Each structure stands twice: as structure tokens, then as C-alpha cells.
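All residue numbers for the sequence shown refer to my numbering, where the first residue is 1160 and numbers rise by one.
The beta-carbon is built from N, C-alpha and C at its ideal position, and this holds for glycine as well.
On a predicted model such as this, the values are computed, not experimentally measured, just so you know.
Input: a single structure, listed below in C-alpha cells.
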Amino acid sequence: MERRPSSLSLDRKFVAKLEKNQQKFIPNSIYKGQLKRFPRNLAGYFVEYETIEKKLQMAKACDEWDERRMKVAKRVDTCIDAERNRQLLVLNEKVTSLTDVLRKQARRLQSKRRRQRGNLKAIIDAKNILQEKITRIKTKIEKLMKDYQK
């Protein structure tokens, strides 16, 4: 019966014995080539072997990894929410500034002096362009809100 190390630390004799056995059973294998080793730390390696302790340690490591992944996912979600909120703020600011400009254009159209001069076509075109921009931005805001609700 093979001796197994009490801990998962590096046991050179045990590793050498495993390598010799591997050379016996798999003669074509390269020296140390097919022996599975897992890095423990910078000091050395531990050999993979199936025990209940090893399975428990792997399960614990997987649980810790899942916890880390969940934390990262939460961070990513908060970053996405912050970016979406920032975009909504920027778009709302654009809408307010464009509506202010639109009000000014409407006042210009209503002024008596402008109507007497007759150069209303340029103002009407500018007003229509502003309204199109506002509708585009409002549709973007609606899309962002729908994505947020999903």
C-alpha cells in the first residue's frame, strides 16, 4: 500500500515513487510529463490524489470562488446601474436645454417684427430639427428605462 503524506505539502519521496510507478505503467510517457501537479504556493507543489479531505478542500475552494464571482457580479451590476443613471441624467439635461432653445424659437416666430420681415422659413426649419432631436433623445431615454426594468 502506498504511503500518502499527512498534509498536502511537498513530499519528494512520494512524488518520486509515483513517477517511477507511472514509468512502469505508461512506458511511453515523458519523464514527469503526465504526472498531475497542482501549484500550492511558491514553495512547492502538492500531488493530486483522491481523498475525502481533498474533495472537501476543492468544494470549499469552489464555494469561495463562487462567492468572489457573486461579489464581482454585484459590483458589475452596480457599475452598469451607475452608467445607466449617468446616461439618463445626460440625456435629460440635453432634453431640457433643447426645449429651452425650442421655446426661444417659438417666441421668435410669434414676434411681430419677424413676421413683418418674412424670414420665418429658417426659424421653422430650425424648430423642426430641434423637435426631431428631442424625440430621438426621448426614445433613447425610453429604451434605457425599458432595459432597466428588465
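Would you tell me roughly how many angstroms separate the C-alpha atoms of Asp-1240 and Ile-1283, rounded to the nearest one? 39 Å
Just verifying my parser: in three-state terms, what is the DSSP assignment at Leu-1256? Reading the sequence as shown, one finds Ser at residue 1256 and not Leu. Looking at Ser-1256 - three-state DSSP - the assignment turns out to be helix.
For Asn-1287, report the span of its alpha helix (DSSP H) as first-last. 1279–1308
Cβ separation of Leu-1250 and Ile-1293, assumed to be a contact under 8 Å, to the nearest whole Å: In fact, because the Cβ distance is near 10 Å, the residues do not count as touching under 8 Å.
Taking its Cβ as the centre, do 16 or more other Cβ atoms sit within 10 Å of Ala-1175, making it buried, or is it exposed? exposed
Please classify Gly-1246: is it buried, with 16 or more other beta-carbons within 10 angstroms of its beta-carbon, or exposed? Checking the displayed sequence, the identity of residue 1246 turns out to be Gln instead of Gly. That one is exposed.
Proximal residues to Leu-1303 (C-beta, below 8 Å), its chain only, five neighbours per side dropped: Excluding residues within five positions, the ones whose Cβ falls inside 8 Å are Arg-1243, Gln-1246, Leu-1247 and Leu-1250.
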